[in-house]
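Protein sequence lines, in the order shown, are assigned to chains H and D.
For the first sequence, the positions run 9 to 254 when this note's numbering is used.
For the second sequence, the positions run -18 to 314 when this note's numbering is used.
Backbone N, C-alpha and C fix where the C-beta goes; we use that ideal spot for every residue, glycine too.
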Amino acid sequence: MPALELRGLCKSFGGLQATRNVSLRLMPGDRKAIIGPNGAGKTTLFNLITGIYPVTSGQVLLFGQDVTRWPSHRRTALGMARTFQVTSLFPRLTVLDNVLLAITGVRPAKFVMWRALSSYKDVYEKAHRLLDGVGFLDRKEVEVRSLSHGEQRQLEIVLGLASDPKILLLDEPAAGLSSGESAEMVKFLAKLDPRLAILLIEHDMDVVFDVASQISVLHFGEILETGTPRQIHDSPRVQEIYLGTG
Amino acid sequence: MRDTIKILSVVLLLVALLLVVPRSGSFVVLLATRAMCFAILAMSVDLLLGFTGLPSLGQAAYFGVGAYLTAILATRYHIGLGWDFWLVVAAGMLVGAALAALFGLFALRATGVYFLMITLALGQCVWGLAYRWNSLTGGDNGINVGSRPNFGLDLTDETTLFFLVFGFFATSLAALYVLARSPFGRSLEGIRERELRMQILGYNTWLHKYLAFVIAGAFGGLSGVLWAHINGHVSPETVVLTTSVDALLMVVLGGAGTLVGGAIGAGIVFALREYLSTLVPWWQYVLGGVYVLTILYLPTGLMGIPAQIRQFRVADGKGGRSGKVKPLASAPS
């Protein structure tokens, strides 16, 4: 059963068709990428999948279940997580608090009002494990707003992983990173659980070609072409979109 | 460790309050009683403003229904003047919560300044009812509550009333503190910082905000019940916009997101108001000046002073002094 399936997804903002009839299947363990020029509708597509925007027509299915009309938080509960292109952390909270919030989001304990969060040993242990994995343990008490951009991008992904998702949507994880940092990011993504399904939006072609086994090209909200990194790389149509016909 | 120190210093302050106030004369006792009652209201505003990021300008509504409920029950049905005072306390909290549950459905459709406007409008609806519904509320004249409850503790004695209100205040502070540190309380902070991310992390943010709104309503109702007996008179003046503004400004003055800040703010506002009004006729200007200076130079309130000093020190190297410290020196403290 596909972890995520999109069936004929369309979205219009007034007269602008931002997403046109997008269909896509993501099986557990799949590593797929969506590329496309600026304004192709990549982030809009993510916002439809995660329920931030209502769809105009079409369906979103998570593990065979139609979640098209579900609010974001219920989709997350089914095992979906995403990161944001523009870093979207809790700037005035500490690194540790950011991760703690991400962990409790999918636990019933989030409604508990009479017991201190700090008494949840398992949540803290998990947070420490996650932070240790990215080498952030020494900075756990630092407010997130004083981290570097690269560190914030990494924390973005840690927050995405904190809920133990089965599907991870990565919106330009390497945005604004140096080439060295991008390479680190690729290594980090390669180490993730092989059963995790990843859908990636990315501008950095090195990241895309290293991480994804299948790439779809989005242009004016429409999937033009789908194939292996090699096929996409050699496709004349893709070159046309990116480089123009001259 | 730092948490332990914070808790200890608050407990010490409370004990000091308990020891000093009853020996300082009836005027101070009265003042402290009133301030603590408003402190509960201010802390309920802080739960919304400081923790959830919702600037409520309608908290007087819940305060008002609590107060009117107490007054009406006492004068018409003689309920709440004996041991059943405790029932009225529970009823006041329930009515406050119920009204907040209704108003929350409208108010939480908006955020930021629009939330402020809607809560203001809803609050004024309650004021309008209090003013116009003559048969129930006594209209502009309001209701004289008359005698105070006597259930073993005779609340007509001002010092006894002080101790009772102190008990409610300390309990509310403790309860809200536990709430603020719970997973639910922390989720409110997350919503304040970035609501969209919280939704993506799996939180039903509307529900969390709604629950916070209802809880704040309950504490508003509680402070209203106490106020009816402290003041002895309930009128549209009790529910008017000024009460909401006062509560909001107390929180801003003391420091939003700290709970204790709201209580300190309440103390300062009442002290300034009561003392200054006996000294000078233009005391309101002083209060206004204090507000302006706080918002300009101490956006984090009085409770934010230590953090600001720390920040200046870091900015200046090690404990050095420079012109940067000036704004602090001119701020009220």
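Secondary structure at D65(D), three-state DSSP: helix, strand or coil?
Three-state DSSP puts D65(D) in coil, outside helix and strand.
Straight-line Cα distance separating S25(D) from L157(D):
8 angstroms
Under a CB-based cut-off of 8 angstroms, is F217(H) close to chain D?
no
How big is the Cα-Cα spacing for K299(D) and T33(D)?
Reliability fails at K299(D), whose pLDDT of 48 lies under 50, so the model's placement of it is uncertain and the value that follows must be treated cautiously. Roughly 35 angstroms separates the two Cα atoms.
Tell me C18(H)'s beta-bridge partners as DSSP assigns them.
As a beta-bridge residue in DSSP terms, C18(H) pairs with S65(H).
List the residues that DSSP assigns as beta-bridge partners of H227(H).
Bridge partners of H227(H): E230(H).
Go ahead and pull the three-state DSSP assignment for R302(D).
Here the model assigns R302(D) a pLDDT of 42, short of 50, so the residue's position is not dependable, and the following value carries that caveat. DSSP places R302(D) in coil when its eight states are reduced to three.
On a Cα-Cα basis, can you pick out the residue from A220(H), P45(H), D74(H) that is closest to L12(H)?
D74(H)
Cβ pair I196(D), C18(D) closer than 8 angstroms:
No, they are not a contact pair.
Report all residues from its chain with a CB closer than 7 angstroms to the CB of W187(D); omit the five preceding and five following residues, and keep chain order.
L89
Could you tell me whether the Cβ of V120(H) comes closer than 8 angstroms to any Cβ of chain B?
The structure shown contains no chain B; the protein chains it does contain are H and D.
Listing by chain order, which chain H residues have their CB less than 7 angstroms from the CB of I181(D)?
T58, S80, T84, R90
What are the uninterrupted segments assigned as alpha helix (DSSP H) that are 4 or more residues long and contained completely in the stretch 42 to 108 of chain D, given in chain order?
Under the rule that a run must span 4 or more residues, the alpha helix (DSSP H) segments found entirely inside the stretch 42 to 108 of chain D read 66 to 88.
Can you list, in chain order, the residues of the stretch 93 to 106 of chain H whose Cβ is nearer than 9 angstroms to any Cβ on chain D?
Those residues of the stretch 93 to 106 of chain H placed with their C-beta closer than 9 angstroms to a C-beta in chain D are S96, L97, F98, P99, R100, L101, D105, N106, ordered along the chain.
Here's the rule I'm using: 16 or more other beta-carbon atoms within 10 Å means buried, otherwise exposed. How should F21(H) be labelled?
It is exposed - the Cβ of F21(H) has fewer than 16 other Cβ atoms within 10 Å.
Looking at chain H, which residues of the stretch 136 to 167 of chain D have a Cβ within less than 8 angstroms of any of its Cβ atoms?
V159, L160, R162, S163, P164, F165, G166, R167
Chain D contact residues for E171(H), given Cβ-Cβ distances below 8 angstroms
Note that residue 171(H) is Ser in the sequence shown, not Glu. Within chain D, the residues near S171(H) are L182, G183.
Using a beta-carbon distance below 8 angstroms, is E255(D) in contact with chain H?
no
Determine whether the Cβ of G47(D) lies closer than 8 angstroms to any Cβ atom of chain H.
no
Going by C-alpha distance, which of R4(D), W64(D), V46(D) is nearest A78(D)?
V46(D)
Using beta-carbon positions only, say whether I60(H) and I209(H) come within less than 8 angstroms of one another.
no
Would V114(H) count as contacting chain D if we go by Cβ distances under 8 angstroms?
yes
Output the distance between the C-alpha atoms of N185(D) and A170(H), rounded to the nearest integer angstrom.
17 angstroms
Who are the near neighbours of G236(D) in its chain, counting only those whose CB is closer than 7 angstroms to its CB and skipping five residues on each side?
G242, T281, G282, L283, M284, G285
Quick check on DSSP: helix, strand or coil for I60(H)?
Three-state DSSP puts I60(H) in coil, outside helix and strand.
Between the CA atoms of S224(H) and L232(H) - distance to the nearest angstrom
7 angstroms
Spatially closest choice to E164(H) from G109(D), V250(D), M179(D), by CA coordinates:
Ranking the options by Cα distance to E164(H), first place goes to M179(D).
Beta-carbon spacing of V146(D), T51(D) below 8 angstroms
No; because the gap between Cβ atoms is not below 8 angstroms, this pair is not in contact.
Assuming contact is defined by CB atoms lying nearer than 8 angstroms, are R254(D) and L268(D) in contact in what I supplied?
yes
Counting along the chain, where does the alpha helix (DSSP H) carrying L32(H) start and finish?
For L32(H), there is no enclosing alpha helix (DSSP H); the residue is found in the beta strand (DSSP E) stretching over 24 to 34.
According to DSSP, is Q239(H) part of a helix, a strand, or is it coil?
helix
I'd like to know whether the C-beta of Q289(D) is nearer than 8 angstroms to at least one C-beta of chain H.
no
Residues bridged to D179(H) (per DSSP):
I209(H)
Residues from the stretch 123 to 137 of chain H in contact with chain D, defined by Cβ distance under 9 angstroms:
R123, A124, L125, S126, Y128, V131
Determine the contact status of V107(D) and V220(D), defining contact as a CB-CB distance below 8 angstroms.
yes
A228(D) lies in the alpha helix (DSSP H); which residues open and close that run?
Per DSSP, A228(D) is one residue of the alpha helix (DSSP H) stretching across 222 to 235.
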